[in-house]
Amino acid sequence: MSTTRLRKAFRYPDDSGDDEQGREELDEEEQDVVIRQLQAENDQRNSEYTVKTPLSSLTLLSTETRAKP
Numbered sequence: 001m002s003t004t005r006l007r008k009a010f011r012y013p014d015d016s017g018d019d020e021q022g023r024e025e026l027d028e029e030e031q032d033v034v035i036r037q038l039q040a041e042n043d044q045r046n047s048e049y050t051v052k053t054p055l056s057s058l059t060l061l062s063t064e065t066r067a068k069p
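Per UniProt numbering, the sequence shown starts with residue 1, numbered consecutively.
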């Protein structure tokens, strides 16, 4: 029989000393939700950089070619 190990959610330490603010474990469904949210955020950031990086490169190239006599 295999046992399932629950992951503990990371929390920054605080000065309140109240460690019983909520449970620290994530069940499998909660982990999946967190993973999907992180993937969506990552995909959004990647798409922003994919669009912005070529545009900024074109801007730099056009200003460099104008500056050269």
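The beta-carbon is built from N, C-alpha and C at its ideal position, and this holds for glycine as well. Treat the numbers as computed from the prediction; the structure is a model and nothing was measured.
Nearest residue (CA-CA) to residue i, options the options
i          : options       : result
residue 34 : 10, 47, 50, 3 : 10
residue 24 : 42, 5, 37, 40 : 5
Identified DSSP bridge partners for residue i
i          : result
residue 30 : Answer is none; residue 30 lacks a bridge partner.
residue 72 : This structure does not reach residue 72, given that the chain is present from 1 up to 69, and the question cannot be answered.
Beta-carbon separation (whole angstroms), residue i vs residue j, contact threshold 8 angstroms
i          : j         : result
residue 44 : residue 7 : At roughly 24 angstroms, the Cβ-Cβ gap does not stay under 8 angstroms, so residue 44 and residue 7 are not in contact.
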